[in-house]
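A.B. asks: I have a structure here, written as structure tokens, and I will follow up with some questions on it.
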Amino acid sequence: MNTAQPHTRISSRALSGIAAASLLLLAGCAGQSEAEGPGETQDFSQELHDMLPEHIRAAGVISVAGAFDNPPNLYADTTDTTKANGIAPDLAEAMGELLGVEFQWVNTQWPGQLPGLDAGTYDLIWGQASVTEEREREIIDLIPYTQTVLGWLVPAGNPLDLSGWESACGKRIGITVGAIFAEILADASEDYCTSQGQPAIEVSEFQGSEHTAILSNNIDAGIDSYPVLSGTANEHPDDFTAVQMPEDESFEYYSGLAGIGISKQNPELANALAEAMLVLYENGSLESIYAEYDAVDQIPDTELIGVNPLTQTPAGEIESA
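Structure representation (structure tokens):
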């Protein structure tokens, strides 16, 4: 049974109520934030600031965990590897100006992100969290910030000619421990490979990047969102090629959405961040930030910019499927 999430790029009537409610608050904040260009500052919004949890207002800081290895979304500065660069940090900086707080980034691989969020070590995770219905309902609150198709990271030149799911039958594919790709690959392997008499897709899990395993021929490819893999391939063109999966096959198992993840114990933070994101969307700043990275096509539709848009689960609530 395929339990992965379908493509949700097309606007949905079911989400219109969320968008309308969000835009009501947005109208109240609009007068405090004028349209901005790349690198310009946002006007502080007292209304948005007051939505934040008391402990964050007092500290003036939001701690963020993410792996600095996912360009263009999140990657390390070339001169200071403790500094985060990319779409996510730029969005966070603009949101911080609106909210009157500072976002402090901690370079954290995916296996440590959810445990750190649960323990309260971090206020949110940002960079690697795929948006799924199960996560929205049962695990964390999610605010989508980008939507892309899947891709393969392969040795330079794509010697095995990977493209769609069928081409991956019998291939060794690497993923990060705890990523949703294990389930996606299992479903695709059943539908495109074993049920058609082809060998199954072999999956290997890694604590960090699978790049070394590709170079040492321990696996044939890695899988992730195509822009992330494209960034890696552009940085190391002699070693890697990024291959974009056909859109219809990618969205068969994968919503394509990546989001900001917030603990279900922190609904005020989730709602405040969602409203700040909407302000940036409406005043043009969000598009300007994406344009700096030639990634405007990754901006989700308006209806998907909010808390848990796939399921409409209210922030802080846990629901069964």
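Numbered per mature numbering (1 follows the signal peptide of the UniProt record, and there is no 0), the sequence shown spans residues -35 to -1, 1 to 286. Here a beta-carbon is modelled for each residue, glycine too, at the ideal position from N, C-alpha and C. All figures in this text were calculated on a predicted structure; none of them were measured in a lab.
Ordered along the chain, which non-local residues of its own chain (more than five positions away) have a Cβ less than 6 Å from that of H59?
C.D. replies: Here residue 59 refers to the residue found at position 94 of the sequence shown. Residue 59 is actually Ala in this sequence, not His. These residues qualify, in order along the chain: Q7, L245, S250.
A.B. asks: Would the region 82 to 94 count as touching the region 24 to 38 if we require 3 or more Cβ pairs under 8 Å?
C.D. replies: Touching, per the Cβ criterion.
A.B. asks: From this set, Q277, V261, N231, T278, which residue's C-alpha is nearest G85's C-alpha?
C.D. replies: Within the sequence shown, the letter at position 120 stands for residue 85. The shortest Cα separation from G85 among Q277, V261, N231, T278 belongs to N231.
A.B. asks: Locate the beta strand (DSSP E) running through P192, then write down its first and last residues.
C.D. replies: Within the sequence shown, residue 192 is the residue found at index 227, counting from 1. Here P192 belongs to no beta strand (DSSP E); instead the alpha helix (DSSP H) covers 191 to 200.
A.B. asks: Could you pull the start and end residues of the beta strand (DSSP E) that Y258 belongs to?
C.D. replies: On the sequence shown, residue 258 is found 293 positions in, with the first residue counted as 1. Going by DSSP, Y258 is part of no beta strand (DSSP E) at all; its letter is neither H nor E.
A.B. asks: Among M16, H20, A260, L63, which residue has its Cα nearest to the Cα of E5?
C.D. replies: Within the sequence shown, the letter at position 40 stands for residue 5. The residue with the shortest Cα to Cα distance from E5 is L63.
A.B. asks: Please classify V119 as buried or exposed, where buried requires at least 16 other C-beta atoms within 10 Å of its C-beta.
C.D. replies: Against the sequence shown, residue 119 aligns to sequence position 154. Burial call: buried.
A.B. asks: Taking contact to mean at least 3 C-beta pairs separated by less than 8 Å, is the region 130 to 148 in contact with the region 160 to 176?
C.D. replies: Yes: the two stretches touch, three or more of their Cβ pairs being nearer than 8 Å.
A.B. asks: Using a Cβ-Cβ cutoff of less than 7 Å, which residues in the same chain neighbour D204 once the five nearest sequence positions on both sides are dropped?
C.D. replies: What you label residue 204 is simply residue 239 of the sequence shown in a count that begins at 1. For D204, where only same-chain residues beyond five positions count, the Cβ hits under 7 Å are A121, L180.
A.B. asks: Distance, Cα to Cα, I254 vs G129?
C.D. replies: On the sequence shown, position 289 is the one that residue 254 refers to. On the sequence shown, position 164 is the one that residue 129 refers to. Approximately 31 Å, taken between the alpha carbons.
A.B. asks: Is it the case that the Cβ atoms of E233 and M16 are separated by a distance below 8 Å?
C.D. replies: If you number the sequence shown from 1, residue 233 lands on position 268. If you number the sequence shown from 1, residue 16 lands on position 51. The answer is yes: Cβ separation under 8 Å.
A.B. asks: Using 7 Å as the cut-off, classify the Cβ of D8 as near or not near the heavy atoms of the ligand NAD, replying yes or no.
C.D. replies: Ligands displayed in this structure: none; no statement on the ligand NAD is therefore possible.
A.B. asks: What residue from R100, T46, N273 has the CA that sits closest to N72's CA?
C.D. replies: Reading the sequence shown from its first residue, position 107 is the one you call residue 72. Measuring from the Cα of N72, the nearest candidate turns out to be T46.
A.B. asks: Cα separation between L275 and A23?
C.D. replies: Translated into the one-based positions of the sequence shown, residue 275 becomes position 310. Translated into the one-based positions of the sequence shown, residue 23 becomes position 58. Rounded to the nearest angstrom, the two C-alpha atoms are 32 Å apart.
A.B. asks: Please give me, in chain order, every unbroken run of the beta strand (DSSP E) with length at least 3 that falls completely inside the region 92 to 172.
C.D. replies: 105 to 112, 115 to 120, 137 to 141, 167 to 171
A.B. asks: Given I264, which residues of its chain have a CB within under 6 Å of its CB, disregarding the five upstream and five downstream residues?
C.D. replies: Numbered from 1 along the sequence shown, position 299 holds the residue referred to as residue 264. Taken in chain order, the residues that qualify are Y255.
A.B. asks: Where does D185 sit, in a helix, a strand or coil, going by DSSP?
C.D. replies: The residue given as residue 185 occupies position 220 in the sequence shown. Correct three-state label for D185: coil.
A.B. asks: Is the beta carbon of A153 closer than 8 Å to that of S190?
C.D. replies: Sequence index remark: in the sequence shown, residue 190 carries index 225 (1-based). Sequence index remark: in the sequence shown, residue 153 carries index 188 (1-based). It is not a contact, given that the beta carbons lie outside the stated cut-off.
A.B. asks: For I108, which of A260, N236, D42, G65 has the nearest alpha-carbon?
C.D. replies: For this step, residue 108 is matched to residue 143 along the sequence shown. That would be N236, whose Cα lies nearest to the Cα of I108.
A.B. asks: Is it right to say D185 is buried, meaning 16 or more other beta carbons lie within 10 angstroms of its own, or is it exposed?
C.D. replies: For the purposes of this step, residue 185 is taken as the residue at position 220 of the sequence shown. So D185 counts as buried.
A.B. asks: If you draw a straight line from the alpha carbon of A260 to that of G221, how long is it in whole angstroms?
C.D. replies: Looking up residue 260 in the sequence shown gives position 295. Looking up residue 221 in the sequence shown gives position 256. Whole-angstrom Cα-Cα distance: 14 Å.
A.B. asks: Using DSSP with H/G/I as helix, E/B as strand and the rest coil, what is I179?
C.D. replies: Here residue 179 refers to the residue found at position 214 when the sequence shown is read from its first residue. The three-state reading of DSSP puts I179 in helix, counting H, G and I together.
A.B. asks: Return the chain-ordered list of same chain residues with a C-beta closer than 6 Å to the C-beta of E(-2), the five sequence neighbours on each side being excluded.
C.D. replies: Start at 1 with the first residue of the sequence shown, and residue -2 comes out as number 34. A caution first: E(-2) carries a pLDDT of 38, below 50, which makes its placement in the model unreliable, though a value can still be read off. Taken in chain order, the list of residues that qualify is empty.
A.B. asks: With C-beta atoms as the reference, is A239 less than 8 Å away from V272?
C.D. replies: Here residue 239 refers to the residue found at position 274 of the sequence shown. Here residue 272 refers to the residue found at position 307 of the sequence shown. Cβ atoms of A239 and V272: closer than 8 Å.
A.B. asks: Enumerate in chain order the residues of its own chain whose CB-to-CB distance from T278 is below 7 Å, with the five nearest sequence positions on each side excluded.
C.D. replies: Taking the first residue of the sequence shown as position 1, residue 278 is located at position 313. Contacts found: E101, R102, E284.
A.B. asks: In the DSSP output, what is I27 paired with across the bridge?
C.D. replies: Taking the first residue of the sequence shown as position 1, residue 27 is located at position 62. Bridge partners of I27: F68.
A.B. asks: Within 10 angstroms of the Cβ of N248, are there 16 or more other Cβ atoms? Answer buried if so, exposed if not.
C.D. replies: Taking the first residue of the sequence shown as 1, we reach residue 248 at position 283. That one is buried.
A.B. asks: For D106 and P80, I'd like the C-alpha separation in whole angstroms.
C.D. replies: Within the sequence shown, the letter at position 141 stands for residue 106. Within the sequence shown, the letter at position 115 stands for residue 80. Near 15 Å, if we compare the C-alpha coordinates of P80 and D106.
A.B. asks: Which residues in the same chain have their Cβ closer than 8 Å to the Cβ of Q69, if we skip the five residues on either side of it in sequence?
C.D. replies: Within the sequence shown, the letter at position 104 stands for residue 69. Cβ within range, chain order: V26, I27, S28, V29.
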